[in-house]
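**Q** Once you've had a glance at the structure underneath, I'll fire off some questions.
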Amino acid sequence: MKTDLQLQRDVLEELKWLPNVLETEIGVSAKGGVVTLTGTVQSYGQKFAAERAVERVSGVRAIADDLRVSLPHSRERSDTDIAHAALSALRWNTEVPDARIQVIVRDGIITLDGEVEWQFQRSAAEEAVRFLSGMKGLIMRITVRQPKVSALDVSTRIEEALKRNATLDAKKIAVEAEGGKVTLRGTVRSWAEREDAENVAWSAPGVTTVDDRILVGT
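First residue of the sequence shown: 59, per my numbering; consecutive thereafter.
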């Protein structure tokens with residue numbers, strides 16, 4: 059197990075690998091596997107990149123992201139301009155059913171609302187607007203709606219897919235399904251494995267919600 063000081067140092071070193079984030083603007087503290095990020099960044103994209111960088115560090119079990127977005131004057135945009143940019147970004151992405159998604163912008167924070175058939179469409183919508191100039195935050199209210207299938211069929215397909223995944227130990231992950239809601243439990247070695255397991259669950263037909271309760275640790 060890493061000490062708190064070792065974990066803090068590893069996170070700081072990982073942040074240094076990000077060319078688009080000035081790690082000097084970010085404060086890092088670690089206690090019992092929980093990493094807290096504080097300070098300011100110049101865009102929502104930098105905030106997202108910093109959080110993803112922390113997830114890659116071994117020993118991180120949870121993240122408290124208290125980073126604030128403080129835009130340089132040259133990057134400030136009106137809510138109207140941001141809304142137009144978001145609509146254009148959604149239209150240009152072929153994986154996004156843009157006609158089903160509503161965009162709301164308030165104080166630089168984008169809210170995406172609507173209903174799609176697959177999780178990859180929801181993810182594509184999020185990725186399309188993540189790095190827009192002028193935005194300070196993103197709220198995802200897009201829901202996934204699929205035809206109903208049996209819970210047994212859903213859990214069986216996910217369990218089989220987990221076994222096929224070379225990066226995961228399927229024996230350490232339990233799958234529970236109730237209607238379209240899937241709950242994952244167990245323990246994995248890293249945030250990357252946790253994300254892989256969640257992506258596997260989302261890929262199963264009939265899944266509308268994934269409650270990821272997998273713990274990161276030994």
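Built from N, CA and C at the ideal position, the CB exists for glycine as well.
Grouping DSSP H, G and I as helix and E and B as strand, with all else coil, what is Glu251?
**A** By one-based count along the sequence shown, residue 251 stands at place 193. It is helical.
**Q** Take Arg247 as the anchor and find which of Leu125, Lys194, Pro130, Leu273 has the nearest alpha-carbon.
**A** Residue 247 sits at position 189 when you count from the first residue of the sequence shown. The option with the nearest alpha carbon to Arg247 is Leu273.
**Q** Distance check for Asp165 and Thr98, CA to CA, integer angstroms please.
**A** Stepping through the sequence shown from its first residue, residue 98 is reached at position 40. Stepping through the sequence shown from its first residue, residue 165 is reached at position 107. Those two C-alpha atoms are separated by around 17 Å.
**Q** If you draw a straight line from the alpha carbon of Arg222 to that of Leu129, how long is it in whole angstroms?
**A** The residue labelled residue 222 in the question sits at position 164 within the sequence shown. The residue labelled residue 129 in the question sits at position 71 within the sequence shown. In a straight line, the C-alpha of Arg222 is about 44 Å away from that of Leu129.
**Q** Taking all protein chains shown into account, decide if Gly155 is buried (16 or more other Cβ within 10 angstroms of its Cβ) or exposed.
**A** Against the sequence shown, residue 155 aligns to sequence position 97. Before going further, note that residue 155 is Pro rather than Gly in the sequence given. Classification of Pro155: buried, given that the 10 Å Cβ count is 16 or more.
**Q** Which class does Ser181 belong to by DSSP, given the choice of helix, strand or coil?
**A** The residue you call residue 181 lines up with position 123 of the sequence shown. The answer is helix: DSSP assigns Ser181 an H, G or I state.
**Q** Tell me Ala88's beta-bridge partners as DSSP assigns them.
**A** Along the sequence shown, one-based indexing puts residue 88 at 30. According to DSSP, Ala88 bridges with Val93.
**Q** Going by DSSP, what residue range makes up the alpha helix (DSSP H) through Val212?
**A** In the sequence shown, counting from the first residue as 1, residue 212 sits at position 154. 209-222 is the span of the alpha helix (DSSP H), which, as asked, contains Val212.
**Q** Quick one: measure Cβ to Cβ for Val163 and Ile200, integer angstroms, because I've assumed they're closer than 8 Å.
**A** As a first step, residue 163 is located in the sequence shown; it is residue number 105 there, counting from the start. As a first step, residue 200 is located in the sequence shown; it is residue number 142 there, counting from the start. Rounded, the Cβ-Cβ distance is 15 Å, inconsistent with contact.
**Q** Using C-beta distances below 6 Å, list every residue in its chain close to Thr96, excluding the 5 sequence neighbours before and after it, in chain order.
**A** If you number the sequence shown from 1, residue 96 lands on position 38. Result list for Thr96: Gly85, Asp124, in chain order.
**Q** Where does Arg180 land, buried or exposed, given buried means 16+ other C-beta within 10 angstroms?
**A** Here residue 180 refers to the residue found at position 122 when the sequence shown is read from its first residue. Flag for Arg180 reads buried.
**Q** When the distance is taken between beta carbons, is Ile159 closer than 7 Å to Gly144?
**A** Taking the first residue of the sequence shown as position 1, residue 144 is located at position 86. Taking the first residue of the sequence shown as position 1, residue 159 is located at position 101. Reading off the sequence shown, one finds Ala at residue 144, where the question assumed Gly. In this structure, Ile159 does not lie closer than 7 Å to Ala144 by Cβ.
**Q** Count the other CB atoms within 10 Å of the CB of Ile197; is the residue buried (16 or more) or exposed (fewer)?
**A** If you number the sequence shown from 1, residue 197 lands on position 139. So Ile197 counts as exposed.
**Q** Contact check, Thr266 vs Gln204 under 8 Å by CB: the rounded distance?
**A** If you number the sequence shown from 1, residue 266 lands on position 208. If you number the sequence shown from 1, residue 204 lands on position 146. Contact between Thr266 and Gln204 holds, since their C-beta atoms are separated by about 6 Å, short of 8 Å.
**Q** Leaving out five residues on either side along the sequence, give the residues of the same chain with a beta carbon under 8 Å from the beta carbon of Arg252.
**A** By one-based count along the sequence shown, residue 252 stands at place 194. Only Val246, Asp270, Ile272, Val274 meet the Cβ criterion.
**Q** For Gly264, I'd like the list of residues in its chain whose CB is within less than 6 Å of its CB, leaving aside the five on either flank, ordered along the chain.
**A** The count along the sequence shown starts at 1 and reaches residue 264 at position 206. Result list for Gly264: Gln204, Val207, Val212, Gly238, in chain order.
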